[in-house]
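From first to last, the protein sequence lines stand for chains A and B.
According to this note's numbering, the first sequence is numbered sequentially starting from 48.
According to this note's numbering, the second sequence is numbered sequentially starting from 38.
Backbone N, C-alpha and C define an ideal beta-carbon position, used for all residues, glycine too.
Note that this is a predicted model, so its numbers are computed, not measured.
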Amino acid sequence: MASEEEVQVLTLEAYADTILPGEKRFPGDRSVAGAAPGAGAVEAGALDLLNYDATGVTAGLPYLVQALNDHAKSYAGEVELVLDTDVPPFVALAYEHRRALVTRLTKPGHPEKEGWVSLALFCNMAYDTAPHRPTREALEAGHPGLLALGYRLPDADGLWRFPKFSYGRKLAELHPDTTPSGSPA
Amino acid sequence: MSAIEKTDVVIVGSGFGGSIPAYHLAAGGAKVVVLERGPWLAADDFEHDYMLGSSYTRVFDFVAGDGMSVLGGNCVGGGSVVYFAAMPRAPKFVFDRHGSIGRRMWPAEISRDSLEPWYDRVDESIPVSKQDWTDVSYAGGLWAAACNHSGRTANPAPVAVDNERCTNCNFQMAGCRFDAKRSMLTNYLPAALAHGAQIRPLHEVERLERTEDGGYRVHFDLIDEEDYRIHTGSGVLEAKIVIIAAGAGATPVILQRSEAALGKMPHGVGRYFSGNGERLNTAIIDEDRVREVLGLSREDGAVYSANHIGKGPTVANWDKLDGSLPEYERYSLEQLYFPPGLGTILAQAPGGEEPRWFGAEKKEILKQWSNWLTIFLMTEDDNEGVFGTPPPTGNAYRISQQMLGRGPLRYDPTPNTLRGWALADADCKAIIEKDGLAKVAPWTNDVVGAYTVHPLASCRIGDDPATSALHPSHELRDHSGIFVTDSASVPGALTVNPAMTIAALAERAIPGIVRALQDRGVAVKYGAPAPDGSITGRRAVSKLDLVAGG
């Protein structure tokens with residue numbers, strides 16, 4: 048079995064990969080399940096973000112990792128799965144089981160919901176906003192999430208401007224009761 | 038021991054509700070100190086950057102509650118710096134709403150008609166602009182065309198944006214780099230400063246107590262400019278009058294925390310919170326269908342692919358703002374924009390199996406992000422939010438160094454609210470899915486509860502002491518000399534963006550606050566022009582008998 052640090056990395060990667068899945072990075076990649084084509088939250092830097100203490104979740108990660116693996120063991124027992132023991136229990140779950148477990152943990156009423164939602168929030172953000180690095184630098188480095196969303200480089204001064212922004216014509220009738228100030232009556 | 042600093046007025050918060058009194062009272066001759074818990078940034082400080090620690094995360098707060106999460110401003114200028122600048126007036130029927138209390142919840146003296154002169158003052162002061170179709174973003178145009186295709190109307194919304202300066206960068210939620218958005222930083226606040234008001238950023242007011250001479254002692258903490266979890270000191274300031282305008286998510290918390298020193302708070306403090314009935318839907322646009330059915334295309338050949346282009350909301354459907362419809366069945370459907378992160382996590386992949394807010398299907402729709410169209414539903418909720426025990430400081434237990442916290446608000450939507458959301462969801466779906474234009478799904482409420490960018494009513498005005506915290510004058514019941522002039526004072530959901538109404542109510546409250554200061558021996562007068570010197574709005578309200586000392 049891996050060291051405590053490796054357990055944490057593998058487990059958090061598997062969680063991030065459940066939120067926004069990606070393709071396996073190398074043959075034998077265990078934490079990334081390969082449930083979707085292209086890079087997912089892990090390659091987008093989810094662990095860099097979670098380990099950035101500005102998020103406020105970093106100090107709690109060891110507890111979340113342990114709890115997640117405990118939940119995975121219970122879940123496996125419940126649905127009668129035999130887990131590989133060479134990786135942490137959550138990592139040993141197939142994608143659909145990871146997804147089912149995360150669904151359960153983030154459902155309204157689950158006592159630990161807040162912790163799991165926070166973790167999911169930052170995994171999602173690592174992909175679609177890359178808040179662990181300057182946005183322009185992330186784009187120049189080919190950040191997969193920002194590129195997937197369609198972001199392109201800003202102007203040379205780091206600012207976005209869109210001179211073309213409008214269809215430029217009337218596209219509907221105004222509400223008949225609109226007041227002279229442009230408000231509803 | 039050094040003497041305690043004294044002033045005439047302390048204003049807690051610098052959004053619409055704080056900036057407007059700061060200007061008028063300073064211009065009238067009062068000594069005014071504004072305490073703002075967030076930083077003081079100007080146009081050049083506003084970055085186009087999502088990194089934690091950029092202006093984007095410094096200027097607003099996301100406070101998760103139990104059943105409701107609240108997004109609000111956290112900087113000098115408050116909500117006006119982070120809002121999307123839509124400035125419609127509230128429809129007439131709103132002022133006759135009964136909501137959950139079985140009687141008109143607005144004070145008898147306030148109606149759309151009686152508020153018009155105050156709306157006009159705000160309109161002139163900001164100033165608010167009507168938009169033409171050539172100002173409307175692709176997203177707004179697409180929503181208008183879809184409404185039209187369903188036989189519905191659509192209106193370019195009045196906005197506080199200088200369209201000549203606007204670059205349609207859609208970053209205004211992080212503050213406007215180009216000063217195109219007319220936040221309080223561009224009108225009331227500079228005018229207040231010119232008249233001697235002081236603004237102190239990174240001062241978080243925690244509680245109030247009485248002084249022996251009938252005034253108030255205001256206790257504040259100093260907040261670290263980078264890591265808001267760190268408090269670097271504390272202090273006090275004494276004033277004859279205190280105006281609390283910390284936002285509907287924070288104003289009641291300060292009052293609750295002050296209860297031990299001030300005595301019992303009115304029942305309405307921290308109750309009757311409304312999320313303005315808000316809800317969001319994300320539509321994934323089918324560009325081929327939009328071209329075929331609506332005949333739309335951009336000059337550069339694309340059809341839409343423009344989620345990221347624009348200036349927030351530009352077009353709204355107001356067909357259901359119909360006073361003849363029953364309460365809880367009236368709403369507006371407004372095109373909106375949300376940046377990724379906060380604007381993507383709650384969006385759900387249309388169709389498919391639950392959960393739809395994460396996983397492979399969610400990743401697929403993120404790839405189509407530039408073809409997202411966000412529709413913002415503003416319905417009538419039931420004022421069902423209640424604030425629990427205040428956290429030790431601020432209005433939340435801060436999680437992240439900036440932006441993210443956990444607050445004491447509980448919100449359990451009633452059947453009325455849920456039905457309003459369902460009606461608005463269905464209407465939105467009927468319009469945007471017609472003839473295959475898009476696939477749409479509402480944001481999930483299962484992750485952080487419902488979600489509002491317009492918190493209201495947690496310390497509201499009213500005629501009935503049992504169901505309102507404030508007199509119609511905005512003075513706190515049973516606590517003479519404390520006024521609340523922010524979104525907390527608005528009685529309930531407005532079915533449209535509330536900034537214009539919040540500002541109009543603040544304008545309307547000023548003559549009464551001037552009188553209260555005069556009663557305490559302060560030489561202050563009411564009657565300042567608009568911040569730029571315009572006088573049309575002042576002339577109109579000077580005819581009202583409310584005005585003192587003119």
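Asked, Found
"What number of angstroms, rounded off, separates the C-alpha of A:Leu196 from the C-alpha of A:Val126?", "37 Å"
"So B:Ser437 contacts chain A; which residues on that side make the cut at Cβ distance below 7 Å?", "Ala101, Thr102, Gly103"
"When the cut-off is 8 Å and only beta carbons count, does B:Tyr365 lie next to chain D?", "Of the chains in the structure shown, none is chain D; the protein chains are A and B."
"Between which two residues does the alpha helix (DSSP H) harbouring B:Ile57 extend?", "53-65"
"Nearest by alpha-carbon distance to B:Ser137: which of B:Asn420, B:Gln235, B:Ala577 is it?", "B:Asn420"
"As a quick exercise: from B:Glu390, B:Ala386, B:Ala183, pick the residue whose alpha carbon is nearest that of B:Lys399.", "B:Ala386"
"Tell me the residue span of the alpha helix (DSSP H) that contains B:Pro164.", "Premise fails: B:Pro164 is in no alpha helix (DSSP H) and is neither H nor E."
"Kindly indicate if chain B contains any beta-carbon less than 8 Å away from that of A:Gly212.", "The amino acid occupying residue 212 of chain A in the given sequence is Phe; Gly does not appear at that position. Taking Cβ atoms only, chain B reaches closer than 8 Å to A:Phe212, which makes this a yes."
"Could you name each continuous beta strand (DSSP E) segment of 3 residues or more that falls completely within the segment 87-114 of chain B, going from the start of the chain to the end?", "97-103, 105-110"
"Just to make sure I have the definition right: I need the residues of chain B whose C-beta is within less than 9 Å of the C-beta of A:Gly215. Which are they?", "Trp170, Thr171, Val173, Gly178, Glu336"
"Considering Cα atoms alone, identify which of A:Pro223, A:Leu59, A:Glu220 is closest to A:Arg136.", "The sequence shown places Pro at residue 136 of chain A, rather than the Arg named in the question. The candidate whose alpha carbon is nearest that of A:Pro136 is A:Leu59."
"Against chain B, does A:Leu206 count as a neighbour if the rule is that its beta carbon must be under 8 Å from one of theirs?", "yes"
"Count the other CB atoms within 10 Å of the CB of B:Arg140; is the residue buried (16 or more) or exposed (fewer)?", "exposed"
"Less than 8 Å between the CB atoms is what I'm expecting for B:Val100 and B:Gly110, so what's the real figure, rounded?", "Incorrect: roughly 12 Å between the Cβ atoms, too far for contact."
"With a 10 Å radius around its C-beta and 16 neighbouring C-beta atoms as the bar for buried, classify B:Tyr156 as buried or exposed.", "buried"
"Considering only the beta carbon of each residue, do B:Gln209 and B:Phe121 sit closer than 8 Å?", "yes"
"With a Cβ-Cβ cutoff of 8 Å, do B:Gln438 and B:Glu263 count as a contact?", "yes"
"Using a Cβ-Cβ cutoff of less than 7 Å, which residues in the same chain neighbour B:Thr451 once the five nearest sequence positions on both sides are dropped?", "Asp419, Glu421"
"Please list, in chain order, all residues of the same chain as B:Ser326 whose beta carbon is under 6 Å from its beta carbon, the five residues on each side excluded.", "Looking at the sequence shown, residue 326 of chain B is not Ser but Arg. Taken in chain order, the residues that qualify are Gly473, Leu474."
"Check the Cβ of A:Thr58 against every Cβ in chain B and list those closer than 9 Å, keeping chain order.", "Here the premise fails: no neighbours, minimum Cβ distance about 17 Å."
"Using the DSSP secondary-structure output, state which residues sit across from B:Phe310 in a beta bridge.", "B:Gly422"
"Per the contact definition of three or more C-beta pairs closer than 8 Å, is the segment 274-294 of chain B in contact with the segment 336-351 of chain B?", "no"
"Note down, in chain order, each residue of its chain lying with its Cβ closer than 8 Å to the Cβ of A:Lys36, except the 5 sequence neighbours on either side.", "Only positions 48 to 232 of chain A appear in the structure, and residue 36 of chain A is not among them; the question remains open."
"Run through the segment 410-493 of chain B for me and flag every whole alpha helix (DSSP H) of 4 or more residues, listed as ranges in chain order.", "452-469"
"So is B:Gly587 buried or exposed if we call it buried at 16+ other beta carbons inside 10 Å?", "Per-residue confidence for B:Gly587 stands at a pLDDT of 36, beneath the threshold of 50, marking its modelled position as unreliable; no derived number is given."
"Quick check on the DSSP output: the beta strand (DSSP E) that includes B:Ile382 runs from which residue to which?", "Per DSSP, B:Ile382 belongs to no beta strand (DSSP E) and is neither H nor E."
"State buried or exposed for B:Ala585, treating a residue as buried only when at least 16 other CB atoms are found within 10 Å of its CB.", "The predicted model places B:Ala585 with a pLDDT of 41, which falls under 50 and marks its position as unreliable, so this point remains unresolved."
"Going along the segment 190-212 of chain B in order, which residues come within less than 8 Å of chain A, judged by CB to CB distance?", "Thr190, Ala191, Asn192, Pro193, Ala194, Pro195, Thr204, Asn205, Cys206, Asn207, Phe208"
"Would you decide whether B:Val340 is buried or exposed? Buried here means 16 or more other CB atoms lie within 10 Å of its CB.", "buried"
"Can you give me the start and stop residues for the alpha helix (DSSP H) that B:Val118 sits inside?", "116-119"
"Can you tell which of B:Arg514, B:Lys580, B:Ser369, B:Pro528 has its C-alpha closest to the C-alpha of B:Ala145?", "B:Pro528"
"Spatial neighbours of A:Gly103 within its chain, please: C-beta separation below 6 Å, excluding the five flanking residues on both sides.", "none"
"Would you report the Cα separation of B:His508 and B:Ile498, rounded to the nearest angstrom?", "6 Å"
"B:Ile89: which of A:Pro231, A:Phe169, A:Asp133 sits nearest, CA to CA?", "Residue identity differs from the one stated: residue 89 of chain B is Leu in this sequence, not Ile. The shortest Cα separation from B:Leu89 among A:Pro231, A:Phe169, A:Asp133 belongs to A:Phe169."
"Does any residue of chain B bring its CB to less than 8 Å from the CB of A:Leu168?", "yes"
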